[in-house]
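J.: In my numbering, the protein residues as written are 921 to 1423.
Every residue gets a Cβ at the ideal spot worked out from N, C-alpha and C, and that includes glycine.
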């Protein structure tokens, strides 16, 4: 606010185009994520530049950010970034050229352009500009994102650790906070929950002390709390991130905040609510032009939520579109999570043996690509599918594998949940499900599973937990079963099952 006030005072007494454009740039930079507040600044700044390429270059760079953050178009943002880099190179403004090349590379990565790597290489080439190289929108910071899409987590961690060290010595609060945001996310993917929480909290503290836009820091805290397993705290952080991003009209971080909340709702057994949030994420990211699913990894979560909410066909369509993009770009980590999502669709359709095989393969693939928490999540799902299929010994093994990974990662609430579920699995195998015939031949596999457990006295919520379904899906299955079998209550249903043959 102080910088913005000084800039406006300078504008009041400035006549030279260079002085006026510099002041406008300060106003733009001072708004943080809330670029929607200064939409009227850009036409005036361009007018004051009077066609001077040296003044237009930094303006086009900032217009690129506006188009991405407020306009929601990576393609239009890319055009401004290219123009900024060209003008800066022509006028010898190396700082603006490097920042614009970095922005161009980031957009090309998001858009799935094959030349993104070459553009980043150009931004990293000498001669360097010290400020650009330590800025959170500079090429060194972006380099870690290129490592991430290739599943090079240790390399990404090393890049950010070095940058954070430098920024702690001599850097802006804004750049330090944003680099800590990136470092926390890398720690999550590496399965290091305690360091991730520590770094995320540091980022939030710096953000609040410096009066910066808080959406990104709250979003990162939501991710860290989710990974560690404290879902109530994670949900509060995600909702706060969403409110701030909505207030700022920030289309870069709003879909990320929605994704974070959607994952939490999915993990909390609220698939319908998760679908609502994750569909909005998908709409926003797709409208921006995302073509590389490794840059924002919401696709598998949306598919799993759809499968759990009783929409397996829509879930499969989401998987197919994302898989096409991921295969084109060789995004192995994304493909592994899509394999898990495919297994949840298979389970929702009632083919539990195949779902178990797919989950086992997905877990192995995630192990190879180095995502321990994603592997733990997959093995937990595998255990639940084995339990649903009545394979108690395999369920206990999968629960134990997931428990080991959660414990090693420091995700203690997740470990507690997993241990509790494992300990509920009986040491002796459960009775096999009824074979098709008599009353069972009229029902789908899911309906048979639901009815069999209802007849044993299980509540709808207990059935939903055991079969990895939503409560609404259980209720709908029971309603259909009542109609097909000509019964009107659980008592009649139980009597029918106990007195009718199952061949």
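Grouping DSSP H, G and I as helix and E and B as strand, with all else coil, what is residue 1407?
T.: In the chain shown, residue 1407 corresponds to position 487, counting from 1. Note: residue 1407 maps to coil in three-state DSSP.
J.: Among 1310, 1378, 1251, which one has its Cα closest to the Cα of residue 1069?
T.: Taking the chain shown and counting its residues from 1, the one referred to as residue 1069 is at position 149. It is 1251.
J.: For chain B, find out if any of its Cβ atoms is closer than 8 angstroms to the Cβ of residue 1022; answer yes or no.
T.: In summary, chain B is missing from the structure at hand, where a single protein chain is found.
J.: Taking only runs that begin and end inside the segment 1005-1060, name each unbroken alpha helix (DSSP H) of 4 or more residues, in chain order.
T.: 1014-1031, 1036-1044, 1050-1053
J.: Distance check for residue 1325 and residue 1315, CA to CA, integer angstroms please.
T.: Position 395 of the chain shown, counting from 1, holds the residue named residue 1315. Position 405 of the chain shown, counting from 1, holds the residue named residue 1325. Answer to the nearest angstrom: the Cα atoms are 16 angstroms apart.
J.: Can you list, in chain order, the residues of its chain whose CB lies under 7 angstroms from that of residue 1302, leaving out five sequence neighbours each side?
T.: The sequence position of residue 1302 within the chain shown is 382, counting from 1. Excluding sequence neighbours, residue 1302 sits near 1276, 1279, 1280, 1283, 1318.
J.: Excluding the 5 residues preceding and the 5 following residue 937 in the sequence, name in chain order all residues of the same chain whose CB lies nearer than 8 angstroms to its CB.
T.: As a first step, residue 937 must be located in the chain shown, where it is residue number 17. Excluding positions up to five away in sequence, the list reads 968, 969, 970, 972, 975.
J.: Would you mind reading off the limits of the alpha helix (DSSP H) that contains residue 1173?
T.: On the chain shown, position 253 is the one that residue 1173 refers to. Per DSSP, residue 1173 lies in no alpha helix (DSSP H) segment and is marked neither H nor E.
J.: Helix or strand or just coil, what does DSSP make of residue 941?
T.: Position 21 of the chain shown holds residue 941. The answer is helix: DSSP assigns residue 941 an H, G or I state.
J.: Counting only the same chain and skipping the five closest in sequence on each side, list residues whose C-beta sits under 8 angstroms from that of residue 1408.
T.: Your numbering for residue 1408 matches position 488 in the chain shown. Within the same chain, residue 1408 has close Cβ partners 1402.
J.: Measure the C-alpha to C-alpha separation of residue 1379 and residue 1174 and round it to an integer number of angstroms.
T.: On the chain shown, position 459 is the one that residue 1379 refers to. On the chain shown, position 254 is the one that residue 1174 refers to. About 38 angstroms.
J.: Have a look at residue 1114 and residue 1214 and give me their C-alpha separation to the nearest angstrom.
T.: Within the chain shown, numbered from 1, the residue matching residue 1114 stands at position 194. Within the chain shown, numbered from 1, the residue matching residue 1214 stands at position 294. Pairing residue 1114 with residue 1214, the inter-Cα distance amounts to about 24 angstroms.
J.: Helix, strand or coil for residue 1112 per DSSP?
T.: Against the chain shown, residue 1112 aligns to sequence position 192. In the structure shown, residue 1112 sits in coil (DSSP, three-state: anything other than H, G, I, E or B).
J.: Distance, Cα to Cα, residue 1039 vs residue 980?
T.: Position 119 of the chain shown, counting from 1, holds the residue named residue 1039. Position 60 of the chain shown, counting from 1, holds the residue named residue 980. In this structure, the CA atom of residue 1039 is about 18 angstroms from the CA atom of residue 980.
J.: Hey, quick one: how far does the alpha helix (DSSP H) through residue 955 stretch, first residue to last?
T.: Within the chain shown, residue 955 is the residue found at index 35, counting from 1. From DSSP, residue 955 is part of no alpha helix (DSSP H); its letter is neither H nor E.
J.: Where does residue 1096 fall in DSSP's three states?
T.: By one-based count along the chain shown, residue 1096 stands at place 176. In this structure, residue 1096 counts as helix in the three-state DSSP scheme.
J.: Do you know how far the Cα of residue 1060 is from the Cα of residue 1231?
T.: As a first step, residue 1231 must be located in the chain shown, where it is residue number 311. As a first step, residue 1060 must be located in the chain shown, where it is residue number 140. Their backbone Cα atoms lie some 42 angstroms apart in a straight line.
J.: State yes or no: is the C-beta of residue 1058 nearer than 7 angstroms to some heavy atom of the ligand SAH?
T.: Questions concerning the ligand SAH fall outside what the structure shown contains, since it holds no ligand whatsoever.
J.: Which one of 1362, 1290, 1178, 1292 has the shortest CA to CA distance from residue 1397?
T.: Numbered from its first residue, the chain shown carries residue 1397 at position 477. Of 1362, 1290, 1178, 1292, the residue nearest in Cα terms is 1362.
J.: Could you compute how far the alpha carbon of residue 1313 sits from the alpha carbon of residue 1190?
T.: If you number the chain shown from 1, residue 1313 lands on position 393. If you number the chain shown from 1, residue 1190 lands on position 270. If you take the alpha carbons of residue 1313 and residue 1190, they lie about 28 angstroms apart.
J.: Taking one C-beta from the segment 1330-1340 and one from the segment 1152-1166 each time, how about it: are there three or more such pairs within less than 8 angstroms?
T.: no
J.: Check residue 982 in the structure and name its three-state DSSP category.
T.: For the purposes of this step, residue 982 is taken as the residue at position 62 of the chain shown. Per DSSP, reduced to three states, the secondary structure at residue 982 is helical.
J.: What is the rounded straight-line gap between the Cα of residue 1050 and the Cα of residue 1321?
T.: One-based indexing of the chain shown puts residue 1050 at position 130. One-based indexing of the chain shown puts residue 1321 at position 401. So the two alpha carbons sit approximately 47 angstroms from each other.
J.: Reducing DSSP to helix, strand and coil, say where residue 1267 ends up.
T.: As a first step, residue 1267 must be located in the chain shown, where it is residue number 347. In the structure shown, residue 1267 sits in a helix (DSSP, three-state: H, G or I).
J.: I'd like to know if the segment 1009-1022 and the segment 1195-1205 are in contact, where contact means that at least 3 CB-CB pairs between them fall below 8 angstroms.
T.: no
J.: Can you give me the C-alpha to C-alpha distance between residue 960 and residue 1160, rounded to a whole angstrom?
T.: For the purposes of this step, residue 960 is taken as the residue at position 40 of the chain shown. For the purposes of this step, residue 1160 is taken as the residue at position 240 of the chain shown. Those two C-alpha atoms are separated by around 28 angstroms.
J.: Please report how far the alpha carbon of residue 1218 lies from the alpha carbon of residue 1179, in whole angstroms.
T.: Within the chain shown, the letter at position 298 stands for residue 1218. Within the chain shown, the letter at position 259 stands for residue 1179. In this structure, the CA atom of residue 1218 is about 6 angstroms from the CA atom of residue 1179.
J.: Sorted by chain position, which residues of the same chain lie with C-beta nearer than 7 angstroms to residue 1415's C-beta, five sequence neighbours on each side aside?
T.: For the purposes of this step, residue 1415 is identified with residue 495 of the chain shown, where counting begins at 1. Here the set comprises nothing.
J.: The alpha helix (DSSP H) with residue 1386 in it runs from where to where?
T.: The count along the chain shown starts at 1 and reaches residue 1386 at position 466. Run containing residue 1386: 1380-1387, per the alpha helix (DSSP H) assignment.
J.: Can you tell which of 1367, 1382, 1331, 1247 has the C-alpha that lies nearest to the C-alpha of residue 1344?
T.: Position 424 of the chain shown holds residue 1344. Taking only the C-alpha atoms, the option nearest residue 1344 is 1382.
J.: Could you tell me which of 1227, 1229, 1223 sits nearest to residue 1238, measuring between CA atoms?
T.: Working through the chain shown from its first residue, we reach residue 1238 at position 318. Closest option to residue 1238, Cα to Cα, is 1223.
J.: Between the beta-carbon of residue 1208 and the beta-carbon of residue 1171, is there less than 8 angstroms?
T.: As a first step, residue 1208 is located in the chain shown; it is residue number 288 there, counting from the start. As a first step, residue 1171 is located in the chain shown; it is residue number 251 there, counting from the start. Yes. Within cutoff.
J.: Alpha carbon to alpha carbon, how far is residue 1367 from residue 1273? Give it in angstroms, no decimals.
T.: Reading the chain shown from its first residue, position 353 is the one you call residue 1273. Reading the chain shown from its first residue, position 447 is the one you call residue 1367. Between residue 1273 and residue 1367, the alpha-carbon positions lie close to 17 angstroms from each other.
J.: Mind checking whether residue 1147 and residue 1286 have CB atoms under 8 angstroms apart?
T.: Residue numbering aside, residue 1147 sits at position 227 when the chain shown is read from its first letter. Residue numbering aside, residue 1286 sits at position 366 when the chain shown is read from its first letter. The answer is no: Cβ separation not under 8 angstroms.
J.: In the DSSP assignment, find the alpha helix (DSSP H) that holds residue 1240 and state where it starts and stops.
T.: Here residue 1240 refers to the residue found at position 320 of the chain shown. Run containing residue 1240: 1232-1249, per the alpha helix (DSSP H) assignment.
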